[in-house]
Amino acid sequence: ETGVTQTPRHLVMGMTNKKSLKCEQHLGHNAMYWYKQSAKKPLELMFVYNFKEQTENNSVPSRFSPECPNSSHLFLHLHTLQPEDSALYLCASSLQLNTGNTEAFFGQGTRLTVV
Amino acid sequence: AQSVAQPEDQVNVAEGNPLTVKCTYSVSGNPYLFWYVQYPNRGLQFLLKYITGDNLVKGSYGFEAEFNKSQTSFHLKKPSALVSDSALYFCAVRDRNSGAGSYQLTFGKGTKLSVIP
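Structural data, given as structure tokens:
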């Protein structure tokens, strides 16, 4: 266990559904991240939060909407997704931004399938 | 811009033999370098990192990696492979001189390691 917990582990949703992914960490970290992992592609950084403030949005479509109510929780709200959005979504946390020598801790991921 | 290349999609090695998983990087400044491992249906687990100092870094589960600045490489190694080492391995880089963007880790595509009994 890395200390980062993601729920649900698996999610199947239709293109018209609305769902949310949840990430929780109690490591005392202040930076949290969403990554998308697709087969045979590098991990794609989607969003970054530092002390609850969004600092990065890597040109992610608006059908993905992040929320960070506090430093321990991160959500990814999903609506009107496309089949190509099917992937493993990984949450990660680290001590804080601008401490470049610290590693990130990853959750186990949510396997999302859009039908 | 920073980038990572893992030239091998798959590496096969017999149990008990030494293993190497290759990684080369490109940054404008000096790098922080990381290796992560991913087991099936799991997230990434941190293995080791190079920050500064000794070029040979030792990490979890008997893995080590050697930083070579002239070759811009950070290959992962283990003297004797175990079947349980079979997994997907990711190399990642962060440019320590990139200022506001210094938090962004860039990952390679991953190398699948299969250790054959």
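So the sequence lines, in the order shown, correspond to chains A and B. Everything in the first sequence is counted per my numbering, starting at 487 for the first residue and increasing by one. Everything in the second sequence is counted per my numbering, starting at 5 for the first residue and increasing by one. For each residue, glycine too, the CB sits at the ideal point set by N, CA and C.
Interface partners of residue i on chain B, CB under 8 Å
i      : result
L576/A : G47, L48
Q594/A : N45, R46, G47
Status (buried if at least 16 other CB within 10 Å, exposed otherwise) for residue i
i      : result
K82/B  : buried
E570/A : exposed
S580/A : buried
D13/B  : exposed
P35/B  : buried
Interface flag, residue i vs chain A, CB-CB below 9 Å
i     : result
Y36/B : yes
F94/B : yes
G20/B : no
D58/B : no
Contact check, residue i vs residue j, beta carbons under 9 Å
i      : j      : result
V17/B  : I120/B : yes
L92/B  : L576/A : no
K505/A : L574/A : no
Any C-beta of chain B under 9 Å from that of residue i
i      : result
Q568/A : no
A590/A : yes
E542/A : yes
V534/A : yes
T488/A : yes
R597/A : yes
Under 8 Å by beta carbon: chain A residues contacting residue i
i     : result
I55/B : N587
Chain-ordered neighbours of residue i on chain A, where CB pairs are closer than 9 Å
i     : result
K26/B : Chain A residues near K26/B: none, gap ~16 Å exceeds 9 Å.
Chain-ordered neighbours of residue i on chain A, where CB pairs are closer than 7 Å
i      : result
F111/B : P528, L529
Q108/B : L531
Listed by chain order, chain B residues near residue i by CB distance under 9 Å
i      : result
T502/A : In chain order: nothing, as chain B lies at least about 27 Å away.
A491/A : Looking at the sequence provided, one finds Thr at residue 491/A rather than Ala. None at all; the shortest Cβ gap to chain B is about 10 Å.
Can at least three beta-carbon pairs, one atom from the stretch 20-37 of chain B and one from the stretch 592-600 of chain A, be found at a separation below 8 Å? With the rule of 3 Cβ pairs closer than 8 Å, the stretch 20-37 of chain B does not count as touching the stretch 592-600 of chain A.
*With contact counted as at least three CB pairs below 8 Å, one residue from each stretch, are the stretch 70-90 of chain B and the stretch 540-554 of chain A in contact?*
Because the criterion of three Cβ pairs below 8 Å is not met, the stretch 70-90 of chain B and the stretch 540-554 of chain A do not touch.
Touch check for the stretch 487-494 of chain A and the stretch 528-544 of chain A: three-plus C-beta pairs under 8 Å? No: fewer than three Cβ pairs fall under 8 Å.
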